[in-house]
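Residue numbers (the working numbering), protein chains in the order written: chain C, 216 to 370; chain V, 125 to 316.
What follows is a single structure, written as structure tokens, with notes after it.
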Amino acid sequence: MSGHGHHRNYVKIWAILMGLLVVSVVGPMTGIPVVVLITAFGVALVKAYMVAKNFMHLDVEKPIVHWMMGIALIFMVLLFAGVAPDVMKDHGRRWKKDAGFHPVEAVGHTGAHGGAVEGSHRAPEAPTVPPGEAVSDATPAAPEGVVHDSTDSGH
Amino acid sequence: MSDAKTIATQRSAMNIPTGRLAVWWVLVSEIVIFGGVLVSYIMHRIGHPEWHEQAANTNMWIGAFNTFVLLTSSLSAVLAHQAAEQRDGPKAARLLRFTALGGLVFLLVKSYEWTTEIRHGFTIQSSGFWQYYYTAAGLHAFHVLCGMIIMLWVASTAQKNQELHRVENIGIYWHFVDIVWIFLFPLLYIAK
Numbered sequence: 216m217s218g219h220g221h222h223r224n225y226v227k228i229w230a231i232l233m234g235l236l237v238v239s240v241v242g243p244m245t246g247i248p249v250v251v252l253i254t255a256f257g258v259a260l261v262k263a264y265m266v267a268k269n270f271m272h273l274d275v276e277k278p279i280v281h282w283m284m285g286i287a288l289i290f291m292v293l294l295f296a297g298v299a300p301d302v303m304k305d306h307g308r309r310w311k312k313d314a315g316f317h318p319v320e321a322v323g324h325t326g327a328h329g330g331a332v333e334g335s336h337r338a339p340e341a342p343t344v345p346p347g348e349a350v351s352d353a354t355p356a357a358p359e360g361v362v363h364d365s366t367d368s369g370h
Numbered sequence: 125m126s127d128a129k130t131i132a133t134q135r136s137a138m139n140i141p142t143g144r145l146a147v148w149w150v151l152v153s154e155i156v157i158f159g160g161v162l163v164s165y166i167m168h169r170i171g172h173p174e175w176h177e178q179a180a181n182t183n184m185w186i187g188a189f190n191t192f193v194l195l196t197s198s199l200s201a202v203l204a205h206q207a208a209e210q211r212d213g214p215k216a217a218r219l220l221r222f223t224a225l226g227g228l229v230f231l232l233v234k235s236y237e238w239t240t241e242i243r244h245g246f247t248i249q250s251s252g253f254w255q256y257y258y259t260a261a262g263l264h265a266f267h268v269l270c271g272m273i274i275m276l277w278v279a280s281t282a283q284k285n286q287e288l289h290r291v292e293n294i295g296i297y298w299h300f301v302d303i304v305w306i307f308l309f310p311l312l313y314i315a316k
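Structure follows, in structure tokens:
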């Protein structure tokens, strides 16, 4: 037994977490991007920190555990930094995405849980381009003045 | 030479009981697993703004209710740890069973949610968003199920005031599963 949880009021911490849960649900209803970002993801970070600190007792855990967790999180950031440019760009030097990566035309649909969703996808999604057809055919039209070229230096 | 028998659970490495250190190592591997899924979801989501149309079909209220269930089960898990520290095995066992019950409620709600979505045609083959949705939430649900099974086993020994250190160990794992859901909730249910 580590004996590091005697002086914490766990019910009070749980009540604060419940309050934060309400904030994370109500905040995004405003539809204001900054508020959504803060209340959804900012509050999630705070909740995760509170659980790790107070329930997992990470604040009084040995330094080796902090190092272990920190290194694992650094690997996560490295994964994102290393792969994100390829995933998030449409094209780059000597490579291009196949048709499956491109957006498909949206159609009206009623949500799974009853709500009408404007411009939702059909489900299941039909293939955008028949197999074997040229990839460039499925590429969304570029805005005027922008030329899609798989050999450019956009990467 | 002493006749005392070395028992693995009483050893410590880095001044941490080996069982607890092992749990932290498990969580390191879990960070890599869930981190990989979540990070790749985030980068695909940013790269595909049209996915918000798919995300609009998930039910935020179900996600919020399941967040409430998991946070409450985390409270009972940490109270079980507190009871174990006070050498009250039967109380720790009761609280662990309550925690496992929370896991069961979570899985039942998840089953209802998935059944509804699949009936409406939103399957894992529908689109990239639904592939991530079912993979991430399914992997998480599997961890909830594993945690429940281990927790009930730990409760059975704690009931007899035996191996009480395991109450803390399973609790640490359960809180981690809770933290994963804390991030899955806004990513899959709120960002629309």
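The beta carbon of each residue, even a glycine, is placed where N, CA and C say it ideally should be.
Since the structure is predicted, the reported quantities are computational estimates derived from the model, not experimental observations.
Alpha-carbon to alpha-carbon, residue j and residue i
i, j, result
"C/V322", "V/Y165", "Because C/V322 carries a pLDDT of 46, less than 50, the predicted location of this residue cannot be relied on, and the following value inherits that uncertainty. When rounded, the distance between both Cα atoms is 23 Å."
"V/R218", "V/E177", "44 Å"
"V/M138", "C/M303", "42 Å"
"C/T254", "V/P173", "20 Å"
"V/I157", "C/F290", "11 Å"
"V/I242", "V/A261", "14 Å"
"V/A146", "V/N293", "9 Å"
"C/L273", "V/E209", "17 Å"
"C/T245", "V/A188", "17 Å"
"C/S239", "V/F309", "10 Å"
"V/E154", "C/W282", "15 Å"
"C/M265", "C/I228", "8 Å"
"C/L294", "C/G285", "14 Å"
"V/W277", "C/I247", "47 Å"
"C/K262", "C/K311", "40 Å"
"V/G159", "V/R221", "29 Å"
"C/A230", "C/E276", "24 Å"
"V/N190", "C/P300", "34 Å"
Short CB-CB distance (under 8 Å) between residue i and chain V
i, result
"C/W310", "no"
"C/V249", "no"
"C/I289", "no"
"C/P342", "Because C/P342 sits at a pLDDT of 42, beneath the cut-off of 50, its placement in the model cannot be relied upon, and the following sentence gives the value as read from the coordinates. Judged by the 8 Å Cβ criterion, C/P342 is not in contact with chain V."
"C/I279", "yes"
"C/K268", "no"
"C/V241", "no"
"C/K227", "no"
"C/V238", "no"
"C/V275", "no"
Own chain, CB closer than 8 Å to residue i, minus 5 neighbours either side, in chain order
i, result
"V/H168", "W175, G252 and Y256"
"V/G226", "V193, L194, T196, S197 and S200"
"V/A315", "R169, H176 and A179"
"V/W149", "none"
"C/G242", "V250, V251, I253, T254, A255 and V258"
"V/S250", "Q178"
"V/V301", "L194, H264, H267, V268 and G271"
"V/N181", "E241, H244 and F246"
"V/K284", "G213"
"C/K268", "D274"
Cutoff 8 Å: residue i Cβ touching any chain C Cβ
i, result
"V/V229", "no"
"V/H299", "yes"
"V/S197", "no"
"V/I303", "yes"
"V/H267", "no"
"V/G213", "no"
"V/V233", "no"
"V/T191", "yes"
"V/L220", "no"
"V/A315", "yes"
"V/I296", "yes"
"V/H168", "yes"
"V/N285", "no"
"V/W277", "no"
Close-in-space but distant-in-sequence residues of the same chain around residue i (CB under 7 Å, 5 per side omitted)
i, result
"V/A207", "K215, A216 and L219"
"V/I186", "V233 and E237"
"V/T223", "S197, S200, A201, A204, M275 and W298"
"V/L228", "M272"
"V/L231", "A265, V268 and L269"
"V/V161", "T259, A260 and L263"
"V/M184", "Y313 and I314"
"V/I140", "none"
Same chain only: Cβ atoms within 6 Å of residue i, ignoring 5 sequence neighbours per side
i, result
"V/W298", "A201 and G271"
"V/T281", "E287"
"C/A338", "With a pLDDT of 43 at C/A338, under the threshold of 50, the modelled position of that residue is not reliable, and the figure given next carries that caveat. Nothing meets the Cβ criterion."
"V/L151", "F300"
Inset, instruction - Answer yes if the stretch 188 to 203 of chain V comes into contact with the stretch 292 to 310 of chain V, meaning at least three C-beta pairs across the two stretches below 8 Å, and no otherwise. - result: Under the 8 Å Cβ criterion, the stretch 292 to 310 of chain V counts as touching the stretch 188 to 203 of chain V, having at least three qualifying pairs.
Legend entry - beta strand (DSSP E) segments (min. 3 residues) lying fully within the stretch 224 to 295 of chain C: none
Inset, instruction - Report the residue ranges of all alpha helix (DSSP H) runs contained in full by the stretch 183 to 250 of chain V; include only those spanning at least 4 residues, in chain order. - result: Within the stretch 183 to 250 of chain V, the runs of alpha helix (DSSP H) that reach at least 4 residues and sit entirely inside it are, in chain order, 184 to 209 and 213 to 243.
Legend entry - Given 8 Å, three or more beta-carbon pairs between the stretch 288 to 301 of chain V and the stretch 206 to 218 of chain V: yes
Inset, instruction - Give a yes or no on contact between the stretch 254 to 261 of chain C and the stretch 225 to 242 of chain C, applying the rule of three or more CB pairs nearer than 8 Å. - result: Counting Cβ pairs under 8 Å, three or more are found: they touch.
Legend entry - Completely contained alpha helix (DSSP H) runs for the stretch 243 to 309 of chain V, where each covers 4 or more residues: 252 to 282 and 289 to 309
Inset, instruction - Enumerate, from N- to C-terminal direction, the unbroken alpha helix (DSSP H) stretches of 4 or more residues contained entirely within the stretch 139 to 172 of chain V. - result: 142 to 171
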